Every structure is written in structure tokens, then in C-alpha cells.
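Take a look at the structure set out below.
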Amino acid sequence: MITKNALDGIRILDFSHVYQGPVGTQILADYGADVIKVERPGSGDWSRSWGPFIKDVSLPFANLNRNKRSITVDMKQEAGKEMIRKLVKEADVLVHNFRQGVMEKLGFGYDELKKINPALIYASSNGWGDTGPYAERGRAGHDMMARAEGGWFTFYDAEKPPIPGGISIDYPAGLNLMIGILTALLYRNRTGEGQYLSTDLLSVAFHAHAWDAASRLNAQKIDRPAAVGGTEEAIHKAFQTLDGFIEISPVFSKNALKDISTALGLGDLSEKPVFSTEELQIENKNQLNALLARAFLGKTTDDWMDELESKGVLCARINSFEEAARDPQIACNKMIVTMEDPEVGELKLLGTPVRLKGTPPKLKQFPPRLGQHNHDVALEIGYTEEEVARMTEDGIFG
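In terms of this note's numbering, the sequence shown opens at residue 295 and continues consecutively.
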């Protein structure tokens, strides 16, 4: 039986909230880090109040905060500030996703905290960055704002407003934050030195253009166009089948149209004069897609996948979330896990998308109730039972 964890002994003070920070710190918690979630007394993480709910548990919150401990601290009171300072002394990492200047106003900026703990890794993830015009004016950030200003709204129709594309930028921003933390931990293991690190939604949104960014940034210098097949440009799209939809990727083939059309029982359409070159396939793509669309309606998605894969054509069924959740590969990858709670009962949550074989992720702690671990954490950092009782009476925990 495997008992060790990859991040045993690493303590993280997690001031982050909603999505951007918690998604990264949860993966660290899955691998054994002691993540102490520091929340506002009374209300806590904003996502606690956003449903849907089972009993009093917010499901979005639950899916991003398992394996963590929760404490509530009034950081405007001196006794609350002192508790945070004591936690910082014993912490390896501090994480927050407040806008620029918030932690500094509370007295918990990096310059102050590194005096308490020089080995501290201080990780900041906000909307726009630590410097520059947006940071200087304390501009609030949000996922949709980052998608808008990072170039991820698409103009599908010149007569209609653009619409957002891609997944929530909060998700890759949280993963980049986690990468930064792990990199800083590796460096500290070699040198003993802590450091400040940051990422932000705008930078991550812009970096998500990695495939085509260099082409756009150097457009005036390009002397040879991209070698993208005409067939891919002509028919790379989804088609309706007898019982659903299928995605076709006409790539990695010398004659993708031949492979697809013969699999569909249409013969080799690339032999027809109207489709005989990739340029003609693009020019006549409406006619080509109409032929393919009629054929796809004749069989089920599974039937067509068998036919297409036998010809080496890359394809995939187009699933709703509910259909994806029933996919046997999702089950094999352990991407749906179950946790138990006396009040909520059985709760299904997403698994961990990266799996270490020697030290696999573990389920240890049901998503915590607000302030559930105030008492335990206070005792761990040296407070006595009497002091904890007095702090409770004084409203330090809310």
C-alpha cells in the first residue's frame, strides 16, 4: 500500500478564492501539500455562496477545494494579523489572487513577509500583472475581461457583436500558478532561497495563442506560407450522424479526402475534377461538405468511427458533458472521484488530470466547511486552548 505523498511536508497558506488560485492549490493538496485556506469570517470564499448546492455545500466550491483545511481570520484586528504572521513563519508557500496592492495594505506584502520567513515562496496571481497601467490603478480582473483583452473574442459575423471563445482562462492561469510554485520549490531545495512569483489572467490568455502568435507577430517577414493541407481547411468540421455528431480531423494523410470519402461509401471524391486538387476542394467546399453531410446521416456515430478509423482518419464523437462523464476512458483515467460526507452523503467530483504512479493523488479531506479547522490550526502554531477560546470570544475567527 502506498502511503507516501509527493508533497508531504509542504505547507501552503492559500488566500486565493473562486477559481484562478484554488484550481492550482487543489492539485497540490491532492499530492499531499497541507493547504490551509485562509478565508473571510462570515462569508469565506466568494464561491461558497454560488450554487447549485447540496445541503449547504456549494458544488463549484467543492470541486476546487477538497483536501484543504479552512480557517477564518479577521485580518483587520491585530490578533488576527499576528496569527497570520505565525502561520507565515512555518509556511513554505503563500498564495493569493487579490488585485495588486490588497495584501500590501493588509501588511502582508512580500517585502514584509520575507523578513519573517526568508525562505517563503510568495505566489501572486491576479488579473493583469504586478506592474504597468492596469496594476497601478488597481484595476479588478476577471476571466471574461482577460479573454476580451487577450484576443479571445471571435468575430463570426460582421453584423453581430463578437463572442468569447475557448475555456475559462482561470483554469490555465491556476495551472501556471502551480507550475511557478513547484519550480520555486525546486529552486529553494537547491539554494534555500525563497522568492516572489506572479502570473496573471491577461498574460495566460495571450500566451494561449502560442501556436499562431509568432506568425502574427512576424507577419511582415513571412516568406513561405504555412503548409496546412487544403483538405483540412475545406472539411475540418463537425457532421451530424444518425444519432449524434462526429468530428473529423483530415490531417496526417497524403490524400485525406480519398480516405474519408471511401470510408463513407462515396468512392474516391479526389478523382472528381471538381475536387481533384486541394485548391479546388477549398473553392468548392460547400458542395463537398453537402455530399459528406448527406452521407454521415446514414449511420450512427459509432458505426462511422469504425469505418473512418479503419482508413486511418482521425475522428471523435462530439459529447455533451454528461456523455463525456460516461466515457469509459474518463473512468479509466479516474477523472471522476467520489467523496463521502455525513450531511451531504456521496459527492462526485473531478479527479486529478496529472497522475504520478509512485505517489498518486489521494482523497483525504472533504471540501471544508467555513472555519472548520480554526481550532486545530491555532493549536498547531503554538496557541493554547485558553488563547484560542479568548480569540474566539474576541471575534478573531468571526
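Note that the Cβ used here is the ideal one computed from N, Cα and C, for glycine as well. Model, not experiment: these values are computed from the prediction.
| query | result |
| --- | --- |
| Go to residue 648, then tell me how far its beta strand (DSSP E) extends in each direction, as first and last residue. | Note, residue 648: premise wrong, no beta strand (DSSP E); not H, not E. |
| Helix, strand or coil for residue 673? Go by DSSP, reduced to three states. | helix |
| Over what stretch of residues does the beta strand (DSSP E) that includes residue 560 continue unbroken? | That residue, residue 560, is in no beta strand (DSSP E); it is neither H nor E in DSSP. |
| Between residue 368 and residue 692, which are expected to be in contact by the criterion C-beta below 8 Å, what is the C-beta distance as a whole number of angstroms? | 6 Å |
| By the DSSP assignment, the alpha helix (DSSP H) with residue 355 in it spans what residues? | 353-356 |
| Which word fits residue 512, buried or exposed, when buried means at least 16 other C-beta atoms lie within 10 angstroms of its C-beta? | exposed |
| First and last residue of the alpha helix (DSSP H) that includes residue 663? | That residue, residue 663, is in no alpha helix (DSSP H); it is neither H nor E in DSSP. |
| For residue 377, which residues of its own chain have a beta-carbon under 6 Å away from its beta-carbon, when the five flanking residues on both sides are left out? | 367 |
| Is the beta carbon of residue 468 sitting closer than 7 Å to the one on residue 318? | yes |
| Relative to the C-alpha of residue 476, which residue among 460, 414, 454, 598 is closest? | 414 |
| Let me confirm a value: residue 572 is counted as buried when at least 16 other C-beta atoms fall within 10 Å, else exposed. Which label applies? | buried |
| How about residue 301: is its C-beta nearer than 7 Å to some C-beta of chain B? | The chain inventory of the structure shown lacks chain B, comprising one protein chain alone. |
| Hey, would you say residue 330 sits closer than 7 Å to residue 379, going by beta carbons? | no |
| Given this structure, state the Cα-to-Cα distance separating residue 345 from residue 664, to the nearest angstrom. | 16 Å |
| Please give the ranges of any beta strand (DSSP E) in the stretch 383-458, keeping only runs that are unbroken, at least 3 residues long and fully inside the region. | 387-390, 415-420 |
| From what residue to what residue does the alpha helix (DSSP H) around residue 619 run? | 615-619 |
| Quick check on this structure: which residue in 553, 492, 686, 497 has the alpha carbon closest to the alpha carbon of residue 608? | 553 |
| Considering only residues of the same chain and omitting the five flanking positions on each side of residue 667, which have a CB-CB separation below 8 Å? | 330, 363, 364, 365 |
| Between the alpha carbons of residue 408 and residue 674, how many angstroms are there, rounded? | 21 Å |
| Taking C-beta to C-beta, are residue 641 and residue 629 nearer than 7 Å? | no |
| Should the stretch 610-623 be regarded as contacting the stretch 567-584, the criterion being three or more beta carbon pairs within less than 8 Å? | no |
| Under three-state DSSP, which class holds residue 653? | coil |
| Buried or exposed: where does residue 483 fall if 16 or more other Cβ atoms within 10 Å of its Cβ makes it buried? | exposed |
| For residue 295 and residue 655, what's the separation of their Cα atoms in angstroms? | Any reading at residue 295 must be qualified, since the residue scores a pLDDT of 49, below 50, and its modelled position is unreliable; the value itself is stated next. Straight-line Cα distance between these residues: approximately 13 Å. |
| Compare the beta carbon distance of residue 446 and residue 432 with 7 Å and say whether it is the shorter of the two. | no |
| Leaving out the 5 sequence neighbours to the left and right, which residues in its chain are closer than 6 Å to residue 265 when beta-carbon positions are compared? | Residue coverage of the chain in this structure runs from 295 to 692, which leaves residue 265 outside it and unanswerable. |
| Between residue 418 and residue 492, which are expected to be in contact by the criterion C-beta below 8 Å, what is the C-beta distance as a whole number of angstroms? | 4 Å |
| Nearest by alpha-carbon distance to residue 383: which of 452, 676, 684 is it? | 676 |
| Curious, which full-length alpha helix (DSSP H) runs of at least 4 residues does the stretch 516-576 contain? | 524-529, 550-557 |
| Quick check: residue 325 and residue 359, are their CB atoms within less than 7 Å of each other? | no |
| Spatial neighbours of residue 386 within its chain, please: C-beta separation below 6 Å, excluding the five flanking residues on both sides. | 304, 305 |
| Per DSSP, residue 490 is paired with what? | 416 |
| From residue 455 to residue 516, what distance separates their C-alpha atoms? | 31 Å |
| Alpha carbon to alpha carbon, what distance is there between residue 479 and residue 322? | 12 Å |
| By alpha-carbon positions, which one of 406, 442, 588 ends up nearest to residue 500? | 442 |
| Taking DSSP's pairing of strands, which residues face residue 626 in a bridge? | Answer by DSSP bridge pairing: none, since residue 626 is not bridged. |
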